[in-house]
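Position in the sequence shown counted from 1, then plus 315, gives you the numbering used here.
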Amino acid sequence: MWNDPNHNQAVHLPRRWRRFAIASAVTLAVLSLISCISVDMSNHARYYYWTLTRQTKRKGKKKSKSPPVPAESKKKKTKVKKGETVPAPAESTKNTKKKKAKTKQKKDTGKTRKESTATATAEEATGPELVMLLAFPFSGTNTLLHIVQSHAKKSMATNYGDAIETNFAGTVMRKYDSIPVDKARPGGPFKYKLEWPLPDEGGVLVKTHCSGHCLPGVRGCGVGALPPKLNMEQFYRSCFSATRYSVRHRRSFAEFYDSSRSKKAILLIRNPLDIAGARFQNWNEGRAPKDRVSFSKWCDDYDSKSTYMKWVYEGVKKGLSKKAMKVPCHGELYRIVKFYQNSLGLITFRERLGTEFNIHTVHFEDYDTDYEKTKDGVLEFANIKEKKGGKHYMRTRFDEFYSKREKAGAQKFMKTLIGGDEDLMKLLGKYME
Numbered sequence: 316m317w318n319d320p321n322h323n324q325a326v327h328l329p330r331r332w333r334r335f336a337i338a339s340a341v342t343l344a345v346l347s348l349i350s351c352i353s354v355d356m357s358n359h360a361r362y363y364y365w366t367l368t369r370q371t372k373r374k375g376k377k378k379s380k381s382p383p384v385p386a387e388s389k390k391k392k393t394k395v396k397k398g399e400t401v402p403a404p405a406e407s408t409k410n411t412k413k414k415k416a417k418t419k420q421k422k423d424t425g426k427t428r429k430e431s432t433a434t435a436t437a438e439e440a441t442g443p444e445l446v447m448l449l450a451f452p453f454s455g456t457n458t459l460l461h462i463v464q465s466h467a468k469k470s471m472a473t474n475y476g477d478a479i480e481t482n483f484a485g486t487v488m489r490k491y492d493s494i495p496v497d498k499a500r501p502g503g504p505f506k507y508k509l510e511w512p513l514p515d516e517g518g519v520l521v522k523t524h525c526s527g528h529c530l531p532g533v534r535g536c537g538v539g540a541l542p543p544k545l546n547m548e549q550f551y552r553s554c555f556s557a558t559r560y561s562v563r564h565r566r567s568f569a570e571f572y573d574s575s576r577s578k579k580a581i582l583l584i585r586n587p588l589d590i591a592g593a594r595f596q597n598w599n600e601g602r603a604p605k606d607r608v609s610f611s612k613w614c615d616d617y618d619s620k621s622t623y624m625k626w627v628y629e630g631v632k633k634g635l636s637k638k639a640m641k642v643p644c645h646g647e648l649y650r651i652v653k654f655y656q657n658s659l660g661l662i663t664f665r666e667r668l669g670t671e672f673n674i675h676t677v678h679f680e681d682y683d684t685d686y687e688k689t690k691d692g693v694l695e696f697a698n699i700k701e702k703k704g705g706k707h708y709m710r711t712r713f714d715e716f717y718s719k720r721e722k723a724g725a726q727k728f729m730k731t732l733i734g735g736d737e738d739l740m741k742l743l744g745k746y747m748e
């Protein structure tokens with residue numbers, strides 16, 4: 316407020332001006348305080364540095380001073396003639412005792428090191444042998460695990476510890492702590508069935524989808540996780556990555572365990588058209604009618620989110636992108652083909668690392684043609700003991716969502732993706748006919 320010279324009355328400032336004046340005064344006070352504190356701290360730091368340097372200089376001078384020479388050492392040095400041997404000075408009893416104690420300590424430490432390595436190797440040997448179950452999502456992974464568990468009466472393992480199977484509620488998400496297969500290694504893999512015990516001997520199947528399978532637009536599915544950007548080293552590492560869930564923290568933790576623990580893998584193969592249909596079936600629970608119209612809309616929705624695939628197709632073969640647009644779920648079929656290609660590449664990748672990696676292939680429809688043979692082959696390869704009982708399995712098909720014309724286009728599209736890869740053609744060739 317101020318006095319107006321014309322009217323001789325007190326005039327009040329507007330609220331905005333008053334607020335601005337108060338804010339400016341407060342900021343000036345805070346800035347002055349900060350500057351004073353910073354100057355004071357800098358002075359303290361300088362003084363502290365000066366005292367430290369002074370103390371170190373003094374210590375150095377004290378150490379450099381040589382000790383006083385004893386009277387015995389001041390004696391005249393005797394000259395030694397050629398050919399004469401000088402007797403070695405007699406060591407004091409204190410020095411000899413110290414040396415003996417040191418040698419004993421070295422021997423003891425050597426023993427403890429040997430014992431620790433022996434215990435470490437013994438710990439590494441504990442637990443069942445890990446047999447990886449490589450499978451693209453919705454290719455029948457859970458079905459194979461159910462068959463093996465019902466015949467072995469033991470729980471198998473999984474890389475996804477946040478999803479555990481129970482007798483009373485089926486698969487339960489994020490309700491129980493992840494139980495590791497080996498207690499000495501809490502980073503995975505984890506127990507798959509809650510009520511059944513893990514095998515003490517032999518092998519155990521480990522469910523893994525590796526990477527390169529997530530649908531675009533889904534949370535956590537970036538371009539780097541898809542096949543065009545995914546290299547062989549990343550794919551290999553993802554096969555041995557796990558998810559550990561903690562009830563106390565109410566969250567999942569990403570874990571990586573030693574890949575050398577596994578020397579075997581079972582590759583589960585299914586018709587790519589069946590996989591695409593099964594994935595749609597899982598998404599379509601109570602959302603839309605289960606027919607070709609809703610399936611084609613679902614495929615168009617996901618294919619529209621992966622527009623970068625046009626450039627990938629053109630890199631494979633010119634003009635392939637135009638043909639791919641006529642195939643429902645062409646992005647999904649591409650991911651499936653690349654998954655099987657990378658899975659076969661694990662053999663050569665492990666050979667480069669200097670370790671063996673054997674793969675046993677199982678086709679999903681083999682349970683219909685010869686159930687006993689396929690079941691026995693899996694149990695024998697994984698070194699799992701069979702007990703009496705066990706459930707039989709009936710296969711379901713989902714390739715009916717494709718018309719005859721769409722099937723022919725999809726088969727031609729996948730043949731061009733496979734190209735001259737003979738090993739991959741042996742796996743998927745029966746689905747191209």
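Ideal placement from N, C-alpha and C gives every residue a C-beta, glycine not left out.
Everything numeric in this text was worked out from a predicted model, so none of it was measured.
Check whether residue i and residue j have beta carbons under 8 Å apart
{"i": "C614", "j": "M447", "result": "no"}
{"i": "A580", "j": "I462", "result": "no"}
{"i": "P643", "j": "E721", "result": "yes"}
{"i": "Y491", "j": "L509", "result": "yes"}
{"i": "N457", "j": "T523", "result": "no"}
{"i": "G518", "j": "A697", "result": "yes"}
{"i": "S658", "j": "L582", "result": "yes"}
{"i": "G646", "j": "S611", "result": "no"}
{"i": "E671", "j": "K578", "result": "yes"}
{"i": "I699", "j": "A467", "result": "yes"}
{"i": "F654", "j": "M547", "result": "no"}
{"i": "L635", "j": "T731", "result": "yes"}
{"i": "F728", "j": "A591", "result": "no"}
{"i": "R559", "j": "S493", "result": "yes"}
{"i": "E687", "j": "L694", "result": "no"}
{"i": "L661", "j": "Y572", "result": "no"}
{"i": "Y641", "j": "G724", "result": "Looking at the sequence itself, residue 641 is Lys, so the reference to Tyr does not match. Yes, Cβ-Cβ distance for K641 and G724 is below 8 Å."}
Residue i, enclosing beta strand (DSSP E) - first and last residue
{"i": "Y560", "result": "S556 to S561"}
{"i": "R566", "result": "R566 to F571"}
{"i": "S577", "result": "S577 to I584"}
{"i": "K522", "result": "G518 to T523"}
{"i": "N673", "result": "N673 to H678"}
{"i": "G485", "result": "G485 to M488"}
{"i": "A725", "result": "Careful: A725 lies outside any beta strand (DSSP E), inside the alpha helix (DSSP H) at K719 to I733."}
{"i": "A591", "result": "No beta strand (DSSP E) contains A591, which is instead part of the alpha helix (DSSP H) from P587 to W598."}
{"i": "A755", "result": "This structure cannot settle anything about residue 755, because the visible part of the chain is limited to 316 through 748."}
{"i": "E444", "result": "E444 to L449"}
Supposed contact pair residue j and residue i - C-beta distance, whole angstroms, cut 8 Å
{"i": "L648", "j": "P587", "result": "5 Å"}
{"i": "L513", "j": "V487", "result": "Contact flag wrong, Cβ pair sits at about 18 Å."}
{"i": "R576", "j": "L445", "result": "5 Å"}
{"i": "S556", "j": "E570", "result": "7 Å"}
{"i": "R758", "j": "F453", "result": "In this structure the chain extends from 316 to 748, so residue 758 is not present and cannot be described."}
{"i": "S718", "j": "R607", "result": "7 Å"}
{"i": "S470", "j": "Y507", "result": "6 Å"}
{"i": "L742", "j": "T676", "result": "7 Å"}
beta-carbon residue i near the ligand ZN non-hydrogen atom, thresh 7 Å
{"i": "M729", "result": "In the structure on display, the ligand ZN does not appear, and there are no ligands present to speak of."}
Extent of the continuous alpha helix (DSSP H) to which residue i belongs
{"i": "V463", "result": "T456 to A467"}
{"i": "G669", "result": "Note, G669: premise wrong, no alpha helix (DSSP H); not H, not E."}
{"i": "V693", "result": "Y686 to A697"}
{"i": "K288", "result": "The requested residue 288 is not part of the displayed model; the chain covers only 316 to 748."}
Interface flag, residue i vs chain C, CB-CB below 8 Å
{"i": "F453", "result": "Among the chains in the structure shown there is no chain C, since it carries only a single protein chain."}
### Task
Check whether the segment 490-510 touches the segment 733-740, counting contact only when three or more Cβ pairs, one atom from each stretch, lie closer than 8 Å.
No, they do not touch.
### Message
Threshold first: 4 residues or longer. Then list the alpha helix (DSSP H) segments lying entirely within the segment 613-667, N to C.
### Response
As far as the segment 613-667 is concerned, its whole alpha helix (DSSP H) runs of at least 4 residues are 624-631 and 635-639.
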